[in-house]
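Remarks on the structure that follows.
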Amino acid sequence: MLVIGRDELRSLVHMDEAIDAVAKGFVDLSSAKAEVPLRTVISTAKGDVLFMPGYVPSLGSVAVKVVSVFPGNLSKGMPSVMAAVVLLDAGSGQPLALIEGTHFTALRTGAAGGLAIKLLSRVDASKVLLFGAGKQGYTQVEAAVSVRSINTVWVMDSIEGAAERFCKNMSESYRDIEFVSIKDYNEIIAEADIIITATTSTIPVFDGSKVKRGTHVNAIGAYRPDMQEVDEVIVKRADKLVVDSKDAVLAEAGDIIIPLKRGIISEGNIYAEIGEIVTGDKKGRTMDEEITLFETVGVAVEDVALAALAYQRALEKGAGIQISGF
Ligand SMILES: NC(=O)c1ccc[n+]([C@@H]2O[C@H](COP(=O)([O-])OP(=O)(O)OC[C@H]3O[C@@H](n4cnc5c(N)ncnc54)[C@H](O)[C@@H]3O)[C@@H](O)[C@H]2O)c1
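Heads up: the sequence shown begins at 1271 in our numbering, then just goes up one per residue.
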């Protein structure tokens, strides 16, 4: 069993490779080959532990991610969300790797967002508007930069100082890109080619009527039926509404469930799962003027695919710590 920590994961897997890996997971999902059982939740007195399993046959891999959400940890100086991933060989059942799961999740979620940007945004998209300067915000922007020539990123966050910190940190890594923290999106939203929402907000963070034609939106954060990050206007205006998993989004994403319940859209508005675009069964962007929207709640196939890639890279580079006795 190989143990792979956060820092090793960062150096082992580049974003562009992660994007290719999650694409393979999405293909198995959309061609009904993958198995993604419902996650199991155990509630303890202090928090919840979530078990999220998946099987991607084309990668010969099974994995389970265990995520704990213990809000009280923050007062003890500990993270409130922690995670670990166990990867198994689908041929023998042998446990292969134990991988740190928090940065891992941000990386695979970024990769899913990057895949959507690659398939759905205009090829000349260069300006990003990001809502939410948290963990997912970083990897969403990293992914955008790896698939498009981005020159400007506007960042807005509801916590004082968070967007400024984000811009300072990212400017150190990406010197050719202008990072600008903003307090009001109204003046620049019509200039944005890509809008990313990666917040914990339960109400829409921007007015969809202000989005210009040709924009691509990645909606990352709304994972509960009562949570809305993007409003009904932009969901309705989207010429192509693409999801990671139709089943998961219809069960969990308030961004889609709420306008469905209100009769503003129907299930027919969902144009495709992203895996169908990867295979070419459905087309990605076909016209510059289209508004495209990618709604993701996260699916275990992304975890399986990234875990298999991280394990492969670790073997090639002699990284990680081998534990015997398994
Ligand atoms: N789709 C997926 O696969 C996936 C994966 C991981 C996390 N998530 C979800 O993405 C969201 C963000 O996760 P994270 O790990 O980055 O969390 P985080 O707590 O690190 O960051 C969230 C940021 O959003 C900001 N925010 C909240 N409301 C806002 C608003 N109205 N406008 C602007 N900023 C606002 C917060 O201040 C915070 O800085 C969460 O809801 C999380 O559950 C989705």
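C-beta: ideal position from N, C-alpha, C; glycine also.
Remember, predicted model here, so these are calculated numbers, not experimental data.
Worksheet entry | Runs of alpha helix (DSSP H) wholly within the region 1508-1569 (minimum 4 residues, chain order) | 1516-1522, 1524-1531, 1544-1549
Worksheet item: Just the Cα atoms here: how many angstroms apart are D1496 and A1523?
Response: 8 Å
Fill in: Neighbourhood of K1587 by C-beta distance below 8 Å, restricted to the same chain and skipping five residues each side
Contacts found: L1282.
Practice prompt. Would you mind sorting K1438 into buried or exposed? The rule is 16 or more other CB atoms within 10 Å of its CB.
Written response: Label assigned to K1438: exposed.
Fill in: Length of the line joining the Cα atoms of S1301 and G1384
21 Å
Worksheet item: Going along the chain, which residues of its own chain have a beta-carbon closer than 8 Å to the beta-carbon of D1298, five neighbours each way excluded?
Response: A1304, V1326, P1327, S1328, L1329, G1545, V1571
Fill in: Contact check, A1354 vs V1574, beta carbons under 7 Å
no
Worksheet item: Is it true that the region 1467-1475 meets the region 1487-1503, where meeting means three or more beta-carbon pairs spaced less than 8 Å apart?
Response: yes
Item to complete: Identify every residue that forms a DSSP beta bridge with S1451.
Response: V1425
Fill in: Spatial distance of E1565 from A1315 (CA atoms)
E1565 and A1315 have their C-alpha atoms some 33 Å from each other.
Worksheet item: Is it right to say N1456 is buried, meaning 16 or more other beta carbons lie within 10 angstroms of its own, or is it exposed?
Response: exposed
Worksheet entry | Selection from G1550, I1526, D1514 that minimises the alpha carbon distance to V1569 | D1514
Item to complete: Whole angstroms is fine: what's the gap from H1486's alpha carbon to Q1406's?
Response: Between the alpha carbons of H1486 and Q1406 lies a gap of roughly 18 Å.
Discussion item. Are the CB atoms of S1479 and V1450 within a distance shorter than 7 Å?
Written reply: no
Worksheet item: Does ligand 1 have a heavy atom nearer than 6 Å to the CB of D1427?
Response: yes
Worksheet item: Closer than 6 Å: is that where the CB of G1568 sits relative to any heavy atom of ligand 2?
Response: Among the ligands modelled here, namely ligand 1, ligand 2 does not occur.
Worksheet item: Three-state secondary structure (DSSP) at M1352?
Response: strand
Practice prompt. Have a look at P1349 and F1340 and give me their C-alpha separation to the nearest angstrom.
Written response: 8 Å
Fill in: C-alpha distance - A1382 paired with V1512, whole-angstrom precision
12 Å
Discussion item. Please classify T1556 as buried or exposed, where buried requires at least 16 other C-beta atoms within 10 Å of its C-beta.
Written reply: exposed
Discussion item. Per DSSP, what are the beta-bridge partners of A1367 in this structure?
Written reply: L1272, L1357
Fill in: Any non-hydrogen atom of ligand 1 within 6 Å of V1574 CB
no
Worksheet entry | Terminal residues of the alpha helix (DSSP H) in which G1407 lies | 1405-1417
Worksheet item: By Cβ distance, which residues of its chain are closer than 6 Å to I1429, with the 5 residues on each side in sequence left out?
Response: Cβ within range, chain order: n/a, list empty.
Worksheet item: Per DSSP, S1362 is paired with what?
Response: Note: S1362 sits in no beta bridge, so no partner.
Fill in: R1445 versus L1358: straight-line alpha-carbon distance, rounded
40 Å
Worksheet item: For P1323, does the three-state DSSP call read helix, strand or coil?
Response: strand
Worksheet item: Just curious, the beta strand (DSSP E) that I1312 is in, first and last residue?
Response: 1310-1313
Practice prompt. Measure the C-alpha to C-alpha separation of I1387 and I1490 and round it to an integer number of angstroms.
Written response: 13 Å
Discussion item. Does the beta-carbon of T1470, which I'm using as the reference point, lie nearer than 6 Å to any heavy atom of ligand 1?
Written reply: True, at least one ligand heavy atom lies under 6 Å from that Cβ.
Discussion item. Can you tell me whether P1455 sits near ligand 1, meaning its C-beta is under 6 Å from at least one heavy atom of the ligand?
Written reply: Note that residue 1455 corresponds to Tyr in the displayed sequence, not to Pro. Flag unset: Cβ of Y1455 not near ligand 1.
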